[in-house]
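S.K.: For the sequence shown, the residue numbers in the working numbering are 1230 to 1316.
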Amino acid sequence: MWFEEFVAGNLTIAEFCRLKGVSVNSYCVWRRKLRESTGEPAFVSVEVAATDAVQIDLPGDAALRVPNHAEALRPVLEVLAAIDGQR
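As structure tokens, this is what we get:
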């Protein structure tokens, strides 16, 4: 399955989608549908590396860079969670 292949690899979503010949948007839509059908959570815990900024890759090859501290990350993650909940 492509999603398992993606998780096992070390490519970004954009790189993986280019390799497979699908749009990032399609990948994200089908990943969300799969998660909804299996009850898998939409967000997973992550470990943030000790860097100055965190990059969040978004559909459409967009990326959001946020300073790497809780005061900056928390509102961004809350907005992303709210958007995901509206789908």
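Beta carbons: idealized from backbone N, C-alpha and C, even for Gly.
In the DSSP assignment, what residue or residues form a beta bridge with Ala-1291?
M.R.: DSSP, once it has assigned bridges, lists Leu-1287 as partnering Ala-1291.
S.K.: On a CA-only basis, which of Ala-1291, Leu-1306, Val-1251 and Val-1258 is nearest Asn-1195? Give me that one, please.
M.R.: Since the first and last residues shown for the chain are 1230 and 1316, residue 1195 lies out of range.
S.K.: Using DSSP's beta-bridge definition, name the partner residues of Pro-1296.
M.R.: Answer by DSSP bridge pairing, in chain order: Ala-1282.
S.K.: Using 10 angstroms around the beta-carbon of Val-1253, count the other beta-carbons present and answer buried if the total reaches 16, otherwise exposed.
M.R.: Looking at its Cβ environment, which holds 16 or more other Cβ atoms inside 10 Å, Val-1253 is buried.
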